[in-house]
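Visitor:
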Amino acid sequence: MDHEFDLAFELLDNAVDRLQLQQYGITTIEHQNHGEDLLLTSRHTYSSGAGHKLTLLATYKDSGQTAAAVEVTSADLDTDPQPRIVKVQAGDLMFHAIPGTWSFRATGHRTYIITAGVGDEPIWTLTAGGVRAASDSIAELVDQILAAEAT
2 MDHEFDLAFE LLDNAVDRLQ LQQYGITTIE HQNHGEDLLL TSRHTYSSGA GHKLTLLATY
62 KDSGQTAAAV EVTSADLDTD PQPRIVKVQA GDLMFHAIPG TWSFRATGHR TYIITAGVGD
122 EPIWTLTAGG VRAASDSIAE LVDQILAAEA T
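The sequence shown begins at 2 in my numbering and counts up one residue at a time.
(1) Could you give the DSSP three-state label for L78: helix, strand or coil?
(2) With respect to the beta strand (DSSP E) encompassing E90, which residues constitute its N-terminal and C-terminal limits?
(3) Using 8 Å as the cut-off, can you tell me whether the segment 63-70 makes contact with the segment 90-105, which would need three or more C-beta pairs spanning the two stretches below that distance?
(4) What does DSSP give as the partner residues of S136 in its beta bridges?
(5) What residue range is occupied by the uninterrupted alpha helix (DSSP H) comprising A16?
(6) According to DSSP, simplified to helix, strand and coil, what is A1?
(7) Assuming contact is defined by CB atoms lying nearer than 8 Å, are R44 and I27 in contact in what I supplied?
(8) Indicate, with yes or no, if the ligand SAM has a heavy atom lying under 7 Å from the CB of N15.
(9) Counting only beta-carbon atoms, is G52 nearer than 8 Å to chain C?
(10) In the DSSP assignment, find the beta strand (DSSP E) that holds Y113 and state where it starts and stops.
(11) Taking 8 Å as the threshold (C-beta atoms), are L12 and L57 in contact?
(12) Per DSSP, which one or two residues make a beta bridge with A98?
(13) With A51 as the anchor, note down where its beta strand (DSSP E) starts and where it stops.
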């Protein structure tokens, strides 16, 4: 399992918590529990028109490549924050969020779209080359993608 989706979901919780700390500007997070191979950096901005925006970026220390990036926005500190995953590394692919959705797109030998389900839908759906596959495990779908990319 060579992907950082689990990390991205953990970072969402971390970003929501960091929003409340009100550490504005760019902060390198020295003490974190997401792995010694990762460097976490946050950027927290506020404006009266746009409210709060916190971006949390996890990069691999050895290469500087992005492992995952998440974003949290909120009109103010008393409003429920709106978290979203911005991008996630999986193998040699980078999945980017499709704006306004809980879908992520990456392009390798073909274009892959992973979508979170709503209501009675499967938890995760993968669309690639016009073919859809559903699973309760995002790791299973990523494994299918990485296997297809390896051929």
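Don't be surprised by glycine CBs; every beta carbon is placed ideally from N, CA and C.
Guide: On the basis of the supplied data:
(1) coil
(2) The sequence given here has Gln at residue 90, not Glu. Per DSSP, Q90 belongs to the beta strand (DSSP E) from Q83 to A91.
(3) yes
(4) W125
(5) F6 to L22
(6) This structure gives no information on residue 1, because the portion of the chain shown stretches from 2 to 152.
(7) yes
(8) By its list of ligands, the structure shown contains no ligand whatsoever, and the ligand SAM lies outside what it can speak to.
(9) In the structure shown, chain C does not exist; there is a single protein chain.
(10) T112 to A117
(11) yes
(12) F105
(13) Taken as a continuous stretch (DSSP letters only), A51 belongs to no beta strand (DSSP E), as it is neither H nor E.
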